[in-house]
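Protein chains in written order, with full-length UniProt numbering: chain A, 1 to 399; chain B, 1 to 399; chain C, 1 to 399; chain D, 1 to 399. Backbone N, C-alpha and C define an ideal beta-carbon position, used for all residues, glycine too. The model shown is predicted, which means the values in this text are computed figures rather than measured ones. Right, one structure below, let's go through it.
Protein chains: 4
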Amino acid sequence: MTDRVVLAYSGGLDTSVAIPYLAKMTGGEVVAVSLDLGQGGEDMESVRQRALDCGAVESIVIDAKDEFADEYCLPAIKANGMYMKQYPLVSAISRPLIVKHLVEAAKEHGGTHVSHGCTGKGNDQVRFEVGFRNTNPDLEIIAPARDYAWTRDKAIAFAEEIDLPIEQSTKSPFSIDQNVWGRAVETGFLEDLWNPPTKDLYSYTEDPSLGNAPDELIISFESGKPTAIDGRPVTVLQAIEELNRRGGAQGVGRLDMVEDRLVGIKSREIYEAPGAMVLIAAHEALEDVTVERELARYKRQIDGRWSEEVYDGLWFGPLKRSLDAFIDSTQEHVTGDIRLVLHAGSIVVNGRRSSHSLYDFNLATYDTGDTFDQTMAKGFVELHGLSSKIANSRDRESK
Amino acid sequence: MTDRVVLAYSGGLDTSVAIPYLAKMTGGEVVAVSLDLGQGGEDMESVRQRALDCGAVESIVIDAKDEFADEYCLPAIKANGMYMKQYPLVSAISRPLIVKHLVEAAKEHGGTHVSHGCTGKGNDQVRFEVGFRNTNPDLEIIAPARDYAWTRDKAIAFAEEIDLPIEQSTKSPFSIDQNVWGRAVETGFLEDLWNPPTKDLYSYTEDPSLGNAPDELIISFESGKPTAIDGRPVTVLQAIEELNRRGGAQGVGRLDMVEDRLVGIKSREIYEAPGAMVLIAAHEALEDVTVERELARYKRQIDGRWSEEVYDGLWFGPLKRSLDAFIDSTQEHVTGDIRLVLHAGSIVVNGRRSSHSLYDFNLATYDTGDTFDQTMAKGFVELHGLSSKIANSRDRESK
Amino acid sequence: MTDRVVLAYSGGLDTSVAIPYLAKMTGGEVVAVSLDLGQGGEDMESVRQRALDCGAVESIVIDAKDEFADEYCLPAIKANGMYMKQYPLVSAISRPLIVKHLVEAAKEHGGTHVSHGCTGKGNDQVRFEVGFRNTNPDLEIIAPARDYAWTRDKAIAFAEEIDLPIEQSTKSPFSIDQNVWGRAVETGFLEDLWNPPTKDLYSYTEDPSLGNAPDELIISFESGKPTAIDGRPVTVLQAIEELNRRGGAQGVGRLDMVEDRLVGIKSREIYEAPGAMVLIAAHEALEDVTVERELARYKRQIDGRWSEEVYDGLWFGPLKRSLDAFIDSTQEHVTGDIRLVLHAGSIVVNGRRSSHSLYDFNLATYDTGDTFDQTMAKGFVELHGLSSKIANSRDRESK
Amino acid sequence: MTDRVVLAYSGGLDTSVAIPYLAKMTGGEVVAVSLDLGQGGEDMESVRQRALDCGAVESIVIDAKDEFADEYCLPAIKANGMYMKQYPLVSAISRPLIVKHLVEAAKEHGGTHVSHGCTGKGNDQVRFEVGFRNTNPDLEIIAPARDYAWTRDKAIAFAEEIDLPIEQSTKSPFSIDQNVWGRAVETGFLEDLWNPPTKDLYSYTEDPSLGNAPDELIISFESGKPTAIDGRPVTVLQAIEELNRRGGAQGVGRLDMVEDRLVGIKSREIYEAPGAMVLIAAHEALEDVTVERELARYKRQIDGRWSEEVYDGLWFGPLKRSLDAFIDSTQEHVTGDIRLVLHAGSIVVNGRRSSHSLYDFNLATYDTGDTFDQTMAKGFVELHGLSSKIANSRDRESK
């Protein structure tokens with residue numbers, strides 16, 4: 001049987017050239033699979049046709065926007081998913097979805113191999129390949145950049161050599177990955193950590209110093225899921241899209257960070273994720289009102305570990321599933337409204353209301369109606385501090 | 001021997017009236033102790049004199065600003081101390097220092113009792129009293145608000161009754177605690193969580209929407225300690241003061257949150273802590289560059305626990321000391337410069353440089369000079385994902 | 001309406017005297033509720049009648065053995081529930097079940113108060129009372145020992161005074177709590193930590209040095225639940241009972257420990273829990289074979305926290321529920337057989353088999369059939385150690 | 001310059017043959033380094049001479065027994081170092097010490113390469129190689145088994161071919177690693193997890209069912225370090241050796257487990273570590289008496305992580321160092337005596353005494369002298385359970 005390589009196809013130069021290249025290297029056929037994850041840009045039908053023009057025997061386009069929002073972005077909202085407390089896992093949550101569709105395409109179209117365009121020093125190769133191994137270990141994996149030392153220069157030369165029917169893009173200085181959850185940019189001059197980002201790096205967000213009028217909005221959640229903005233019902237996808245627009249207009253969602261990669265090195269990254277950051281800020285504020293203290297304290301650790309697992313490419317791992325079970329069990333009452341102001345790069349929560357609130361006015365107030373029995377505090381203080389009191393007495397005596 | 005009550009004295013109405021009141025209730029004498037923690041406002045000599053005028057047998061004023069900055073704020077910087085990921089522990093880190101000085105004053109001036117003005121439903125009573133128990137369990141503790149059901153109305157009536165020589169302040173609607181590390185405000189109308197804060201709540205910060213020009217600055221650290229701003233050497237205290245000014249001018253450092261109190265209730269709090277927030281943001285950014293990945297991941301958990309222990313009044317507890325030992329051991333190489341822009345309420349890091357950096361340009365770059373051996377990745381990916389691959393295969397088979 | 005006190009009734013002297021005493025102190029009526037948790041000893045009908053004889057208006061006996069085994073012991077097995085890595089939570093898991101039945105009895109019989117016989121310095125008062133507050137905060141709680149400073153001597157005097165129709169037990173030197181999950185003993189001479197336990201302390205276990213022949217057995221689990229012993233199907237209750245017998249005969253399950261109580265003090269405790277210890281040892285051994293590494297590592301932390309929450313009386317707390325959600329999600333494949341030898345106080349696992357095993361002979365073997373690709377290791381080692389390698393190089397350079 | 005390979009030399013067939021083999025493969029010279037870690041067996045001088053006979057240009061023997069005990073075993077005692085709660089890290093803590101001496105020997109003797117005899121599917125290759133990379137990244141690493149697909153059969157054939165002057169051992173069915181901290185055995189028939197271990201597997205321990213008389217002993221610690229047994233002062237090494245003898249005579253210290261290897265597979269392992277297990281049991285019992293509750297709870301997590309880091313070959317990593325800083329800070333008061341009985345495979349603690357004890361008889365006793373103020377408990381219980389009480393009320397209302 002002829003080998004068939006199922007390729008994660010973006011429509012760009014690299015994966016376009018990869019089509020004839022993979023065919024040549026393997027002696028097989030190439031099936032191109034492209035996902036619409038809300039990355040915008042080119043029409044997906046053009047992408048599909050280009051793969052065929054480049055020699056793919058099949059070219060499949062999948063509109064996965066809602067699936068991505070509902071099954072990948074929503075768990076990230078519930079987990080307040082931020083790697084290193086900052087990065088909303090833009091690329092990290094898209095890779096397992098791409099894996100899933102490539103594996104399905106392989107099953108349907110007789111694929112024997114899967115292939116991706118990632119290099120051998122980034123996180124995405126790990127996410128792709130661990131994903132493939134976890135969901136279908138029988139598929140052979142080809143990573144041309146790593147396994148064939150395939151580079152952009154070689155790709156351009158090869159495209160010319162075989163007279164590939166695609167326009168020769170002038171080499172962009174940026175390496176970009178984007179989807180509806182955010183946008184990631186790397187570029188050479190940022191490899192000097194002292195260089196600030198330049199304005200042309202950004203696409204999802206305006207300059208925060210433009211001086212637009214503040215935008216106040218209300219996000220409603222039901223059991224951790226965003227369901228309305230300013231009272232208008234929304235799907236998760238619509239919520240992200242609207243907040244990308246409104247947050248982006250206020251310069252909200254930019255991130256300039258040095259990141260600990262899974263492969264052991266540190267790298268400089270620029271991200272834009274206005275919708276993600278607004279939704280997570282609102283979600284955390286609602287959790288503060290509706291989740292009990294000890295659960296909330298423990299969930300912060302669980303959230304941190306969830307983010308590390310997802311960052312590390314272990315979306316399909318057993319630990320990730322059990323962390324999800326914990327997180328899901330915490331979301332039942334995360335229902336209510338959060339009011340925020342977006343302005344000049346800032347997200348400021350200034351109001352919360354919830355029929356599931358744990359805030360008890362009568363216990364909290366210092367005014368009339370106070371029902372908190374202050375005499376209880378004396379005993380609490382005494383026993384709360386007893387073990388450390390005994391330890392300190394011992395320490396003094398044994399000196 | 002006559003009882004002597006050592007009172008944490010602020011100079012305000014409540015603790016002023018407490019002086020004759022405590023004398024009356026205990027039949028003893030009152031020693032007033034006031035600390036200058038950079039809270040600003042009134043001259044400390046006036047505070048000292050007022051206590052005497054109100055009947056204190058001793059009135060002591062201690063300039064503890066540098067001690068507070070060096071021994072309480074600096075550990076908070078090293079621990080990126082934020083309770084619930086947001087609150088920089090403004091009051092929480094000041095209580096143990098006040099405790100320490102009250103206990104010392106009790107020793108010097110024959111104190112048998114210690115007293116504070118906190119209510120029985122807040123965190124500060126716990127911090128004070130656990131602090132006393134931990135450092136000198138022989139001292140009797142009196143909390144008039146809790147133990148005598150002492151209220152503001154009773155205090156005003158008592159002040160009039162005994163003709164106390166202090167001006168009758170019109171009752172402020174705000175309950176405030178402030179020091180150089182920040183400012184905390186509670187007030188009745190915020191007890192409705194849907195009400196936004198009003199402008200008159202703020203004192204350390206300007207309105208972020210004023211449209212001031214951005215302020216770019218460089219903070220230098222040595223082993224986790226801020227040592228210079230824009231190249232000018234500073235003490236920790238000076239760093240906080242300067243960043244309070246510059247951050248405050250940009251509206252940086254405001255916080256509106258619902259907080260999980262130690263006594264089991266949720267409460268609404270407004271904070272302002274520009275210096276604290278800028279310093280911690282810069283410190284975290286420098287850690288991202290200088291602390292190794294696995295250590296950084298674990299330190300985030302340690303930092304979270306440190307913040308909970310300090311919030312919970314266990315500054316003097318054995319766990320806090322061991323967490324400090326961990327944290328101190330991580331700071332040796334947290335040395336370098338962070339460039340930030342403060343503007344319109346936002347803190348944006350846009351540059352880092354360090355002679356202790358773990359960022360390796362040659363490993364990170366995608367350009368000429370790349371020394372990362374990409375062939376290593378294949379084996380890494382395979383074994384990194386092996387245990388979850390085996391688990392997923394088992395799961396499929398056993399279905 | 002007349003007050004009705006629903007009392008957790010054991011049948012012993014203390015709670016028998018408490019019936020008329022509570023009636024007297026509250027001016028109300030007493031409803032006695034007794035649970036059969038497999039504690040053995042007296043016939044439950046005698047217990048029921050005695051309460052009536054002592055003046056209870058209602059006396060209810062509930063056979064809760066299977067409920068206890070299925071809904072309280074089984075979660076403890078799944079969580080490998082051991083406080084301080086040693087104590088299988090004998091009393092801690094029984095309190096919430098008693099609470100549940102007292103609250104139900106209060107609802108059915110018009111109870112306005114609930115009462116228990118625990119002292120004010122132990123854990124069980126906390127477990128009872130937090131349980132009541134969590135499940136029905138409207139019930140008033142009376143703890144005679146604490147609230148009325150009720151002591152054993154007073155109880156005996158009161159029993160004589162009112163001529164209570166119970167035999168006067170000679171005062172036992174032991175304070176005992178027991179159920180099918182285990183037995184707890186405290187006694188005066190053990191309050192000197194250097195004194196070893198004496199033989200008369202034990203009831204569930206024989207002397208381990210007796211020299212009985214070893215007992216080899218096979219325990220089968222399905223999704224974490226013990227379902228057969230030596231091939232004979234068992235309920236959870238039957239499994240515990242049989243292993244109490246067989247383990248007890250081998251002296252297995254004794255524990256002599258110094259325990260960190262929730263109220264802040266350390267105390268010396270003797271436990272016997274042969275069934276619990278054998279089941280948890282077997283369960284852990286089966287998890288070692290069927291749970292993936294990263295999940296297993298994290299579950300150890302979760303198990304530890306579960307044990308602390310349950311020990312601390314927070315069985316009904318939200319965190320406990322979410323920890324259960326995590327744990328339950330890990331048990332699906334904990335299915336298989338564990339062979340153990342019980343002998344002279346030791347539990348030794350010496351065989352495991354499971355159709356859900358993650359052990360892969362072909363990957364593990366060093367003999368023919370080895371399918372592990374050792375060339376993968378080189379890259380793994382390199383990247384696994386890369387971040388610490390870079391850190392150590394930095395450390396050497398910056399010295 | 002001629003290449004020089006510094007080889008971790010055990011004296012056995014494999015590493016003996018490796019000497020001429022490495023010389024042949026690299027065209028260089030071989031320096032043999034052998035450590036006495038208390039593994040017993042052959043005289044070290046014979047080992048040294050054999051390496052020379054096999055062609056080594058230098059052969060170095062280092063008595064590292066005390067260094068191993070003081071700097072590797074002692075930290076493991078302080079950390080209660082047990083991987084998966086069971087395995088006392090026998091091989092894991094010896095690898096970094098061997099690494100250290102190989103790197104030193106390379107410096108002294110002009111070594112350009114380092115080599116070890118481990119396979120490519122075990123943990124030890126990772127520990128060795130990450131150790132080398134962390135301490136001297138300039139050294140080239142050769143792992144013949146992995147890099148040259150070198151096997152035992154090839155080794156025997158090569159030995160015959162070159163007429164190597166060593167006795168041809170009949171192939172032992174066991175793969176063994178041993179040192180004073182313990183002994184590890186793997187063998188083919190145990191690769192079936194249902195097979196029980198056979199008696200010939202054991203060397204450090206007698207059969208526990210032999211029926212020897214119990215052995216009661218007292219171990220004294222100072223700040224976490226064992227300093228005396230039965231009142232006789234001991235070094236750490238002497239403590240381990242004596243407890244290996246006395247524990248071994250009682251059949252104490254055997255372990256049969258399925259282990260999660262770092263390379264992603266599960267494997268069956270047999271260990272014997274009587275001294276290690278007795279010392280850690282005693283140390284934990286003393287910590288129970290001398291370490292404050294919150295610190296003890298947190299230290300259990302830290303201990304678990306320490307064990308994972310060491311197991312995973314990251315002894316020289318920055319996280320390990322910071323975990324040590326935490327652990328060291330907890331040991332100051334871990335001073336006192338633990339009495340244990342060793343018998344028939346069991347370790348039973350039955351007495352503890354310490355001048356640094358946190359156990360307070362007057363707080364713990366139920367007899368005369370009780371100083372615990374039980375009235376404090378009411379308020380404690382109320383506030384300890386308040387947040388979960390509020391949450392449960394909310395849950396009921398929102399249903």
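Can you tell me where the beta strand (DSSP E) holding D:Gln301 begins and where it ends? Note, D:Gln301: premise wrong, no beta strand (DSSP E); alpha helix (DSSP H) at 293-311.
For residue 402 of chain B, which residues from the same chain have a beta carbon less than 6 Å from its beta carbon, with the 5 sequence-adjacent residues on both sides left out? Past the boundaries of the shown model lies residue 402 of chain B; chain B is included only from 1 to 399, so the question cannot be answered.
At which residues does the alpha helix (DSSP H) containing C:Pro318 begin and terminate? In the DSSP assignment, C:Pro318 falls within the alpha helix (DSSP H) that extends over 318-330.
According to DSSP, simplified to helix, strand and coil, what is C:Ile162? coil
What does the alpha-carbon distance come out to for the pair A:Val349 and B:Arg305? 25 Å
Does any residue of chain D have a CB that is nearer than 7 Å to the CB of A:Gly313? Not an interface residue.
Beta-carbon contacts of D:Gln301 that lie in its chain and below 6 Å, excluding the five residues immediately before and after: none
Beta-carbon separation (whole angstroms), A:Met82 vs A:Ser220, contact threshold 8 Å: The beta carbons of A:Met82 and A:Ser220 sit about 22 Å from each other, so the pair does not count as a contact at 8 Å.
Could you give the C-beta distance for C:Ala273 and C:Pro88, rounded to a whole number, given that I count them as a contact under 8 Å? 5 Å
When you compare each of B:Asp36, B:Tyr204, B:His101 to B:Gly345 by their alpha carbons, which one comes out closest? For the residues B:Asp36, B:Tyr204, B:His101, the minimum Cα distance to B:Gly345 belongs to B:Tyr204.
Determine the direct distance from the alpha carbon of B:Ser175 to that of B:Asp153, and round the result to whole angstroms. For the pair B:Asp153 and B:Ser175, the Cα-to-Cα distance works out to about 15 Å.
Can you confirm whether B:Lys65, when its beta carbon is compared against all beta carbons of chain A, has any partner nearer than 7 Å? no
Pairs of beta-carbons, one from the stretch 111-124 of chain D and one from the stretch 2-11 of chain D, closer than 8 Å: are there three or more? The answer is yes - the stretch 2-11 of chain D touches the stretch 111-124 of chain D, with three or more Cβ pairs under 8 Å.
Contact with chain B by A:Ala364, beta-carbon distance below 7 Å: So yes, A:Ala364 belongs to the interface.
So C:Gly253 and C:Met277 are supposed to be a Cβ contact under 8 Å. How far apart are they, rounded? 5 Å
Minimum length 3: unbroken beta strand (DSSP E) runs contained in the stretch 26-55 of chain A: 29-36
Report the option in D:Leu358, D:Asn244, D:Lys320 whose CA atom is closest to the CA atom of D:Gln39. D:Asn244
Cross-chain neighbours of D:Ala391 in chain C, by beta carbon under 7 Å: Pro318
Looking only at DSSP bridge pairs, what is C:Asn212 linked to? None; C:Asn212 has no bridge partner.
In its own chain, which residues sit with a C-beta less than 6 Å from the C-beta of A:Asp230, not counting the 5 before and 5 after it? Leu217, Ile218
Check whether the stretch 332-340 of chain C touches the stretch 283-291 of chain C, counting contact only when three or more Cβ pairs, one atom from each stretch, lie closer than 8 Å. yes
Where B:Ile141 falls: helix, strand or coil (DSSP): Taken through DSSP and simplified to helix, strand or coil, B:Ile141 comes out as strand.
Answer yes or no: do C:Leu74 and C:Val310 have a C-beta to C-beta separation smaller than 7 Å? no
So that I know if they touch, is there some Cβ in chain C lying closer than 7 Å to that of A:Tyr298? yes
Pairing CB atoms from the stretch 63-78 of chain D with CB atoms from the stretch 90-104 of chain D, are three or more of them under 8 Å? Contact between the stretch 63-78 of chain D and the stretch 90-104 of chain D is present, because at least three Cβ pairs lie under 8 Å.
Among C:Ser398, C:Ile60, C:Val381, C:Ser46, which residue has its Cα nearest to the Cα of D:Asp124? C:Val381
First and last residue of the alpha helix (DSSP H) that includes D:Val381? 376-384
Can you grab the Cα-Cα spacing for the pair A:Ala391 / C:Asp395, in whole Å? 36 Å
Could you tell me which residues DSSP puts in a beta bridge with C:Asp395? C:Asp395 pairs with nothing; no bridge assigned.
For A:Ala145, which residues in the same chain have their Cβ closer than 6 Å to its Cβ, ignoring the five residues on either side in sequence? If we look at A:Ala145 and ignore the five residues flanking it on each side, its Cβ neighbours are Thr119.
Starting from B:Val381, find everything on chain A with Cβ-Cβ shorter than 7 Å and list it in chain order. Within chain A, the residues near B:Val381 are Gln125, Val126, Glu129, Val130.
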